[in-house]
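Chemist:
In this note's numbering, the protein residues as written are 565 to 682.
In C-alpha coordinates form, the structure reads like this:
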(Lines of atoms letter the chains of each structure in order from A and count residues from 1; the text may use other names and numbers.)
(Lines give C-alpha, C1' and ligand atoms only; values in the text may rest on other atoms or scores of the structure.)
Protein backbone atom coordinates (compact mmCIF):
# COMPACT_ATOMS: atom_id res chain seq x y z
CA UNK A 1 0.00 0.00 0.00
CA UNK A 2 1.41 3.42 -0.92
CA UNK A 3 0.10 6.74 0.34
CA UNK A 4 1.12 10.30 -0.66
CA UNK A 5 0.96 12.76 2.24
CA UNK A 6 1.99 16.44 1.92
CA UNK A 7 4.48 15.75 -0.84
CA UNK A 8 6.17 12.86 0.97
CA UNK A 9 5.99 9.28 -0.17
CA UNK A 10 4.90 7.05 2.67
CA UNK A 11 5.04 3.29 2.23
CA UNK A 12 2.94 1.36 4.70
CA UNK A 13 4.41 -1.93 5.83
CA UNK A 14 2.03 -4.81 6.51
CA UNK A 15 1.61 -5.85 10.11
CA UNK A 16 3.83 -8.78 11.08
CA UNK A 17 2.14 -12.12 10.62
CA UNK A 18 2.35 -14.97 13.05
CA UNK A 19 5.04 -16.56 10.90
CA UNK A 20 7.22 -13.46 11.02
CA UNK A 21 7.43 -13.75 14.79
CA UNK A 22 8.07 -17.27 16.04
CA UNK A 23 8.61 -20.26 13.79
CA UNK A 24 6.99 -22.70 14.13
CA UNK A 25 3.96 -21.33 15.91
CA UNK A 26 2.40 -24.76 16.53
CA UNK A 27 5.17 -26.35 18.60
CA UNK A 28 5.52 -29.04 15.91
CA UNK A 29 8.43 -29.41 13.52
CA UNK A 30 7.79 -27.41 10.38
CA UNK A 31 8.61 -27.29 6.70
CA UNK A 32 8.31 -23.86 5.11
CA UNK A 33 8.38 -23.64 1.34
CA UNK A 34 9.69 -20.25 0.19
CA UNK A 35 8.63 -19.31 -3.31
CA UNK A 36 6.68 -17.04 -5.62
CA UNK A 37 3.28 -17.50 -7.20
CA UNK A 38 4.70 -16.97 -10.72
CA UNK A 39 7.47 -19.58 -10.30
CA UNK A 40 6.76 -22.91 -12.08
CA UNK A 41 8.90 -25.09 -9.73
CA UNK A 42 7.26 -23.30 -6.77
CA UNK A 43 3.84 -24.28 -8.12
CA UNK A 44 5.04 -27.89 -8.26
CA UNK A 45 6.21 -27.62 -4.64
CA UNK A 46 2.83 -26.19 -3.64
CA UNK A 47 1.23 -29.44 -4.84
CA UNK A 48 3.81 -31.50 -2.93
CA UNK A 49 3.22 -29.45 0.22
CA UNK A 50 -0.56 -29.84 -0.09
CA UNK A 51 -0.24 -33.63 -0.38
CA UNK A 52 2.15 -33.77 2.58
CA UNK A 53 -0.15 -31.62 4.69
CA UNK A 54 -2.96 -34.12 4.09
CA UNK A 55 -0.83 -37.17 4.91
CA UNK A 56 1.41 -35.79 7.69
CA UNK A 57 -0.12 -32.50 8.85
CA UNK A 58 -0.76 -33.99 12.28
CA UNK A 59 3.01 -34.36 12.81
CA UNK A 60 4.51 -31.45 10.85
CA UNK A 61 3.40 -27.92 10.02
CA UNK A 62 3.56 -27.33 6.25
CA UNK A 63 3.45 -23.74 5.06
CA UNK A 64 3.93 -21.82 1.82
CA UNK A 65 5.70 -18.46 2.15
CA UNK A 66 5.50 -16.12 -0.86
CA UNK A 67 7.83 -13.26 -1.79
CA UNK A 68 5.05 -10.79 -2.44
CA UNK A 69 3.39 -11.47 0.92
CA UNK A 70 6.14 -12.07 3.47
CA UNK A 71 9.46 -10.62 2.32
CA UNK A 72 10.65 -10.14 5.94
CA UNK A 73 10.77 -13.94 6.32
CA UNK A 74 12.88 -14.22 3.16
CA UNK A 75 15.30 -11.71 4.67
CA UNK A 76 15.28 -13.32 8.11
CA UNK A 77 16.22 -16.74 6.74
CA UNK A 78 18.50 -15.34 4.00
CA UNK A 79 16.57 -16.96 1.15
CA UNK A 80 18.50 -16.20 -2.06
CA UNK A 81 16.80 -18.52 -4.56
CA UNK A 82 13.39 -20.08 -5.01
CA UNK A 83 12.04 -22.55 -4.39
CA UNK A 84 13.76 -23.12 -1.04
CA UNK A 85 12.61 -25.46 1.70
CA UNK A 86 13.50 -24.65 5.31
CA UNK A 87 13.09 -27.34 7.97
CA UNK A 88 12.50 -26.22 11.57
CA UNK A 89 12.55 -28.40 14.68
CA UNK A 90 9.74 -28.08 17.23
CA UNK A 91 11.58 -25.26 19.02
CA UNK A 92 11.77 -23.19 15.82
CA UNK A 93 15.47 -23.79 15.12
CA UNK A 94 16.47 -24.20 11.47
CA UNK A 95 17.86 -27.73 11.12
CA UNK A 96 18.14 -28.02 7.33
CA UNK A 97 17.59 -26.11 4.12
CA UNK A 98 17.35 -27.10 0.46
CA UNK A 99 17.31 -24.97 -2.69
CA UNK A 100 15.30 -26.26 -5.64
CA UNK A 101 12.16 -28.31 -6.16
CA UNK A 102 11.95 -31.78 -4.65
CA UNK A 103 9.64 -34.67 -5.45
CA UNK A 104 7.33 -35.76 -2.65
CA UNK A 105 9.39 -38.92 -2.05
CA UNK A 106 12.55 -36.88 -1.40
CA UNK A 107 10.75 -34.58 1.03
CA UNK A 108 9.39 -37.63 2.89
CA UNK A 109 12.89 -39.10 3.03
CA UNK A 110 14.23 -35.86 4.54
CA UNK A 111 11.36 -35.64 7.05
CA UNK A 112 12.11 -39.20 8.20
CA UNK A 113 15.86 -38.51 8.34
CA UNK A 114 15.18 -35.49 10.58
CA UNK A 115 12.80 -37.66 12.66
CA UNK A 116 9.89 -35.29 11.95
CA UNK A 117 7.69 -38.22 10.91
CA UNK A 118 7.59 -41.94 11.66
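Glycine is no exception: its CB is placed at the ideal position from the N, C-alpha and C atoms.
Among all the DSSP beta bridges, which residues are the ones paired with residue 598?
Modeler: As a first step, residue 598 is located in the chain shown; it is residue number 34 there, counting from the start. According to the DSSP secondary-structure assignment, residue 598 is paired through a beta bridge with 629 and 648.
Chemist: Apart from the five residues just before and just after residue 603, which ones in its own chain have a Cβ nearer than 7 Å to its Cβ?
Modeler: As a position in the chain shown, residue 603 is number 39, starting the count at 1. If the five residues before and after residue 603 are omitted, its C-beta is found closer than 7 Å to the C-beta atoms of 646 and 647, all from its own chain and listed in chain order.
Chemist: Which whole-angstrom value is the C-beta distance of residue 593 and residue 660, which I expect to be below 8 Å?
Modeler: Working through the chain shown from its first residue, we reach residue 593 at position 29. Working through the chain shown from its first residue, we reach residue 660 at position 96. About 11 Å separates the two Cβ atoms, so there is no contact after all.
Chemist: Between residue 638 and residue 595, is the Cβ-Cβ spacing less than 7 Å?
Modeler: Numbered from its first residue, the chain shown carries residue 638 at position 74. Numbered from its first residue, the chain shown carries residue 595 at position 31. Not in contact: residue 638 and residue 595 (Cβ atoms no closer than 7 Å).
Chemist: Please name the residue in 616, 633, 601 and 655 whose C-alpha comes closest to that of residue 666.
Modeler: Here residue 666 refers to the residue found at position 102 of the chain shown. Of 616, 633, 601 and 655, the residue nearest in Cα terms is 616.
Chemist: State buried or exposed for residue 623, treating a residue as buried only when at least 16 other CB atoms are found within 10 Å of its CB.
Modeler: Numbered from 1 along the chain shown, position 59 holds the residue referred to as residue 623. Looking at its Cβ environment, which holds fewer than 16 other Cβ atoms inside 10 Å, residue 623 is exposed.
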